[in-house]
DNA sequence: ATTTCTGCAAAGGATTTGCAAATTC
DNA sequence: GAATTTGCAAATCCTTTGCAGAAAT
């Protein structure tokens with residue numbers, strides 16, 4: 625990671641841990657949670673601790689380098705700040721996350737801000753449903769309790 | 625609560641605790657979290673336990689009587705199923721939640737479902753920003769660290 | 001009488017924090 | 001050398017769960 629990436633706020637230091645973590649987040653195709661990131665990072669630096677992961681994620685968030693998402697009620701997921709704004713569609717069957725764009729959201733921010741007197745800083749659209757595969761399974765009647773359990777556990 | 629409210633699924637029993645909790649949720653103007661609901665309910669029935677609150681909320685959710693929201697990363701909030709679909713705008717300063725309508729969201733569900741091959745079941749739009757009061761405080765320069773802390777703690 | 005619910009206390013899981021040692025600037 | 005960061009372990013916070021007794025059908 626370029627040193628300047630972390631020095632937006634003066635006193636942030638460029639450590640091996642932060643380099644590693646930010647690098648992994650950038651390479652990651654999907655959205656990682658803290659523990660997934662931790663496991664990946666341990667391969668490269670086994671001494672790294674989970675607290676450091678959490679502390680780094682907090683820092684990256686504050687520096688605007690990553691975004692935090694709450695797809696389910698349990699853990700939070702992270703992705704590096706995307707170039708183009710997008711939103712998320714989560715499959716209730718398998719947990720797969722699909723991204724999509726929604727240009728009208730910008731207009732919505734402006735409109736609601738005006739109507740409610742808020743300064744709107746962020747707008748997120750969050751869709752849930754069933755992905756093509758899970759729909760197929762449902763149709764085939766294989767999505768009974770057991771089958772579905774399998775899928776959910778695989779998340 | 626009318627008995628039939630709970631008997632959508634055969635085996636659900638009509639207990640004093642469930643009546644009380646659902647009643648409070650219906651009266652509540654805003655969105656309660658589990659502990660707020662618990663505290664309110666204890667006034668009327670001091671022996672009630674927090675586990676019962678959680679178990680009841682889970683049931684109400686399954687019966688489609690209440691909706692669960694995740695406004696921040698910490699706790700979940702609940703509201704009785706609203707007549708008209710609406711979304712939420714959360715103030716980052718004071719936590720105040722403002723509701724708004726967005727009819728175009730239905731169209732979005734259909735469009736994304738078609739484009740991605742998903743069966744989209746739900747769509748939520750979630751905005752964050754600063755409410756009129758907090759904007760005012762920011763302008764007055766009173767929203768410095770201390771002041772902001774005050775507000776956040778009052779949530 | 002049978003099944004479902006409750007309260008209690010304990011367990012769980014994700015995230016945060018205090019502190020001394022290690023690292024960066 | 002001074003200030004920041006790390007790893008570890010313990011602590012927190014919200015939520016869930018096991019179980020025996022209480023309540024509903």
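Chains as they are written, first to last, in the numbering used here: chain A, 625 to 779; chain B, 625 to 779.
By construction, the Cβ of each residue, glycine as well, lies at the ideal position given by its N, Cα and C atoms.
Bear in mind the structure is a predicted one, so any value in this text is a computation, not a measurement.
The shortest CA-to-CA distance from residue 681(B) to any of 729(B), 700(B), 735(B), 696(B) is the one to 700(B). Here the alpha carbons of residue 725(B) and residue 709(B) stand approximately 7 angstroms from one another. Ranked by Cα distance from residue 705(A), the options 716(A), 679(A), 670(A), 655(A) are led by 655(A). Using a CB distance cut-off of 8 angstroms, residue 750(A) counts as an interface residue toward chain B. Boundaries of the alpha helix (DSSP H) harbouring residue 684(A): 674 to 686, taken from the DSSP string. The closest CA to that of residue 679(A), considering only 642(A), 743(A), 712(A), 734(A), is found on 642(A).
Contact between residue 644(B) and residue 669(B) holds: CB atoms are separated by about 6 angstroms, below the 8 angstroms threshold. Taking the Cα positions, residue 719(A) is about 18 angstroms away from residue 733(B). Judged by DSSP secondary structure, residue 708(A) falls outside any beta strand (DSSP E); it is assigned neither H nor E.
The alpha-carbon of residue 747(A) is positioned some 12 angstroms away from that of residue 735(A).
Scanning 730(A), 755(A), 740(A) for the CA closest to the CA of residue 739(B) turns up 755(A). When C-beta distances to chain B are compared with 8 angstroms, the residues of the segment 705 to 722 of chain A below that value are 713, 715, 716, 722, in chain order.
Around residue 751(B), the same chain offers 713 as residues with beta carbons nearer than 6 angstroms, after the five sequence neighbours per side are excluded. Close to chain A, meaning a Cβ-Cβ distance shorter than 8 angstroms, are the following residues of the segment 731 to 757 of chain B: 732, 733, 736, 737, 739, 740, 741, 742, 743, 744, 745, 746, 747, 748, 749, 750, 751, 752, 753, 754, 755, 756.
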